[in-house]
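Novice:
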Amino acid sequence: MIRLPFVLFFSAVLFSAGVYGVLARRNAVLVLMSIELMLNAVNVNLVAFAAALKDLTGQVFALFVIAVAAAEVGIGLAIVILIYRNRETINVDEINLLKW
Amino acid sequence: MSAQEYVFAVLAFIGTVAAFRLVTAKNVVHAALYLVVTLAMVGAIYLLLAAEFVAWVQILIYVGAIVILFLFGLMLTKAPIGREALDNQSRGLALVVALGVLAGLVFLIQDAFKWSDPKMTPVSAGTAALGESIFSRYVLPFEAVSFLLLAALIGAVVLARKDEAT
Chain X
213 MIRLPFVLFF SAVLFSAGVY GVLARRNAVL VLMSIELMLN AVNVNLVAFA AALKDLTGQV
273 FALFVIAVAA AEVGIGLAIV ILIYRNRETI NVDEINLLKW
Chain D
48 MSAQEYVFAV LAFIGTVAAF RLVTAKNVVH AALYLVVTLA MVGAIYLLLA AEFVAWVQIL
108 IYVGAIVILF LFGLMLTKAP IGREALDNQS RGLALVVALG VLAGLVFLIQ DAFKWSDPKM
168 TPVSAGTAAL GESIFSRYVL PFEAVSFLLL AALIGAVVLA RKDEAT
C-alpha cells in the first residue's frame, strides 16, 4: 500500500525540476531533456491515479503521452540539428529569429 | 509506512537526486546519463504501482530510444562544457519560478488529499486488459497517435535532410 499523496509529491518535485531546467538552461538539447522530465511527472500522476481509482484509462493515456513524447523528441532534435547546421549554435538565447 | 512505501521512498529519492543533477550538470553527457537514472527509477515506480506494461514501455522507449536520440543530438552539436556555457543568466529567477510551482503544487495536493486518504492497493490488471482497452475503447485515439508519429517521422526526415535543390 502506497499513499497517493506520496506519489503526487514525487511527481510535483520532478515537474518543478523540469520547469527549472527549461528556464535555466541555454543548450537546446538540455531544454528538451527537461521537457521530458516534466512529461514523466505527468505520466507518474496518470499511473498513480490509475492505481488509486482501479481504472486502466490512466495507463492507456500514459502510453499515449509516451508516444507523443517520442514524436516530440524526434521533431525537436531535427529542428535543433537544423539550427546548428545553419547558425553554428544551439544556445536558445542566441536564437532570436522570431523575437521581433 | 508499509514495505512498499519504503521501497517507493528509496526509488523516489534516487530519482529526485538524479533529476536535480540533470538540471544542474556541467557536462551535457553526464546530464543524459542522469536522465537515464531518473527514467529508470520512474519505470521502477510504475512496476511498484502494478503497471507492468507501462514500465517496460518506459524502459524500451525512454531509456532505449529517446536517451540514445538525445546522445546523438549532443554528439552532432558540439556543446561547450561548463556552467556558464550551459546555463543562462536568469538562473535565480528560474529557481524562484520553479520553487513557486513546487509550492503551489504541494499546497494543492495536500489540500486535496488528506494524509490518511486514498490508500492504493495496486492490483495488476494485466497487459491483456490494457491491450483490450487500447484496441476497443481507445482505438480512435490510438489511430490518431500513430498518425501523429508518422507525421513526426516524415517531418523529421524532411527537416534533417540536406537541401540539394536550392
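In the order they appear, the protein sequences are chains X and D. Every letter in the first sequence is one number past the one before it in the working numbering, and letter 42, counting from 1, is 254. Every letter in the second sequence is one number past the one before it in the working numbering, and letter 75, counting from 1, is 122. Ideal Cβ placement from N, Cα and C applies to all residues, glycine included.
#1: Taking D/A91 as the query, report the chain X residues whose CB atoms sit under 7 Å from its CB, ordered along the chain.
#2: Taking Cβ to Cβ, would you say D/V144 is nearer than 9 Å to X/G233?
#3: What in chain X is Cβ-close to D/V64, meaning under 9 Å?
#4: Under a Cβ-count criterion, where at least 16 other Cβ atoms within 10 Å of its own Cβ denotes burial, should X/L251 be classed as buried or exposed?
#5: For D/S193, count neighbouring Cβ atoms within 10 angstroms of its own Cβ and tell me buried if that reaches 16, exposed if not.
#6: Are three or more beta carbon pairs between the stretch 146–159 of chain D and the stretch 70–88 of chain D nearer than 8 Å?
#7: What separation, rounded to the nearest whole angstrom, lies between the Cα atoms of D/V101 and X/S246?
#8: Is the stretch 103–122 of chain D touching the stretch 133–140 of chain D, taking contact as three or more C-beta pairs under 8 Å?
#9: Within 9 Å (strictly less), CB to CB, does X/N308 reach chain D?
#10: Indicate whether at least one CB of chain X lies closer than 9 Å to the CB of D/E190.
#11: Label D/Y53 either buried or exposed according to how many other C-beta atoms from any shown protein chain fall within 10 Å of its C-beta, with 16 as the threshold for buried.
#12: Taking the alpha carbon of X/S223 as the reference point, which residue from X/A290, X/A260, X/A283 and X/N239 has its own alpha carbon closest?
#13: Return the bridge partner residues of X/N239 from the DSSP annotation.
#14: Checking contacts by CB at 9 Å: is X/V254 closer than that to chain D?
#15: Can you tell me whether X/R238 is buried or exposed? The criterion is at least 16 other CB atoms within 10 Å of its CB, across all chains shown.
Specialist: From the atom records:
#1: The contacting residues do not exist; D/A91 stays about 11 Å from chain X at best.
#2: no
#3: Within 9 Å Cβ-Cβ: nothing; D/V64 doesn't reach chain X, min ~10 Å.
#4: Buried: at least 16 other Cβ atoms inside 10 Å.
#5: exposed
#6: no
#7: Approximately 21 Å between the Cα atoms of the pair.
#8: no
#9: no
#10: Closer than 9 Å: no.
#11: exposed
#12: X/A260
#13: X/N303
#14: No, X/V254 lies away from the interface with chain D (no Cβ there is under 9 Å from its Cβ).
#15: buried
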